[in-house]
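Engineer: Below is a structure I'd like to ask you about.
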Amino acid sequence: MNKARQKVYTSVEVNPKFANTGAAYLVGLAVTDSPASLGTEYLKFSATAEQNPLAHRKFSPDNLFTAAEETLIEFEEIETRPSLVDRIKQTFSRKQVSDDARFAEVHDAVTEVAEHTQTGLEAQDVKLSQLETNLSARLDALEKSTAKDSQDFAELKNKLSTTESTQYAQRPVASGSTGKDAVVTDC
Numbered sequence: 000m001n002k003a004r005q006k007v008y009t010s011v012e013v014n015p016k017f018a019n020t021g022a023a024y025l026v027g028l029a030v031t032d033s034p035a036s037l038g039t040e041y042l043k044f045s046a047t048a049e050q051n052p053l054a055h056r057k058f059s060p061d062n063l064f065t066a067a068e069e070t071l072i073e074f075e076e077i078e079t080r081p082s083l084v085d086r087i088k089q090t091f092s093r094k095q096v097s098d099d100a101r102f103a104e105v106h107d108a109v110t111e112v113a114e115h116t117q118t119g120l121e122a123q124d125v126k127l128s129q130l131e132t133n134l135s136a137r138l139d140a141l142e143k144s145t146a147k148d149s150q151d152f153a154e155l156k157n158k159l160s161t162t163e164s165t166q167y168a169q170r171p172v173a174s175g176s177t178g179k180d181a182v183v184t185d186c
C-alpha cells in the first residue's frame with residue numbers, strides 16, 4: 000500500500016493523564032490517504048531521531064506518539080488435554096449427579112406439601128361438618144317458625160275479612176247553615 004501511495008499518513012495520539020485519572024488513553028488513531036490530523040506526515044520512521052520531529056504538532060506536549068514494533072508470539076501445545084469425547088462424558092456425568100440431587104429435593108418438597116395439604120383438608124372437613132350440622136338445625140327452626148307465622152297470618156286475614164268495621168261508617172251530613180249567614184271556609 001505504501002508503494003501504491005495509499006494509506007501513507009498515520010496518526011496515533013495518547014494522553015498519559017486522561018481526565019485527571021493518571022491513566023493513559025488513546026485519543027486519536029488513523030491511517031489515511033491524505034493527512035487527517037495534526038502531527039500527521041507522510042509515512043516515515045522517526046524512531047532513530049534524537050528529537051521527535053513531530054513534537055510541535057502534538058495536541059498536548061505530554062501525549063505520546065506510538066511506534067509499531069515487531070513481536071514474535073510463540074504458542075505452546077498442551078499435550079495433557081482430554082479428548083472431546085471425554086469432556087462431553089464429564090459434562091453429562093456432572094449433570095446427572097446434579098440432576099439426581101435436584102430431583103431428590105423436588106421429591107421431598109412435593110411430599111411435604113402433600114402431607115401439609117392432607118392435614119389441612121382433614122381439618123377443613125371437620126369444620127365443614129360442624130357448619131353443616133349448625134346450618135341444618137337453623138333451617139329446621141326457621142321452617143317451623145315460618146309455618147307457624149304463615150298459620151297465624153292466615154288466621155288474622157280470615158278474622159279481618161269477616162269482621163265488620165263500624166269505625167269508618169258513612170259520615171253524617173253537615174249541619175251547617177244555608178243562605179246569607181253561611182260560613183265559608185277560606186282555603
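Take 0 as the starting number for the sequence shown in numbering that gives the first Met the number 0 and just add one per residue. Glycine included, every Cβ here is placed at the ideal spot set by N, Cα and C. As the structure is a computational prediction, the values presented were derived from the model and not from experiment.
Please name the residue or residues paired with residue 10 in a DSSP beta bridge.
Structural biologist: 29
Engineer: Candidates 41, 11 and 15: which alpha carbon is nearest residue 5's?
Structural biologist: 41
Engineer: Is residue 94 a contact residue of the ligand GTP, with contact defined as CB to any heavy atom under 6 Å?
Structural biologist: Absent from the structure shown: the ligand GTP. Ligands present: none.
Engineer: Nearest to residue 57 by alpha carbon, out of 82, 26 and 30?
Structural biologist: By alpha-carbon distance to residue 57, the top candidate from 82, 26 and 30 is 26.
Engineer: Is the separation between the beta-carbon of residue 23 and that of residue 34 shorter than 7 Å?
Structural biologist: no
Engineer: With a threshold of 16 other CB atoms inside 10 Å of the CB of residue 133, please say whether the residue is buried or exposed.
Structural biologist: exposed
Engineer: Give me the Cβ distance between residue 28 and residue 11, rounded to the nearest whole Å; I'm assuming they're in contact under 8 Å.
Structural biologist: Residue 28 to residue 11, Cβ: 5 Å. Contact.
Engineer: Can you find a CB in chain D that lies within less than 7 Å of the CB of residue 155?
Structural biologist: Of the protein chains in the structure, only one exists, and it is not chain D.
Engineer: Would you mind giving the Cβ-Cβ distance between residue 62 and residue 30, rounded to the nearest angstrom? I have them listed as a contact below 8 Å.
Structural biologist: Contact doesn't hold; Cβ gap of about 18 Å is too wide.
Engineer: Only counting runs of 3 or more residues, tell me where the beta strand (DSSP E) segments fall wholly within the stretch 82 to 115, in order along the chain.
Structural biologist: none
Engineer: Does the beta-carbon of residue 9 have 16 or more other beta-carbons within 10 angstroms, so that it is buried, or is it exposed?
Structural biologist: buried
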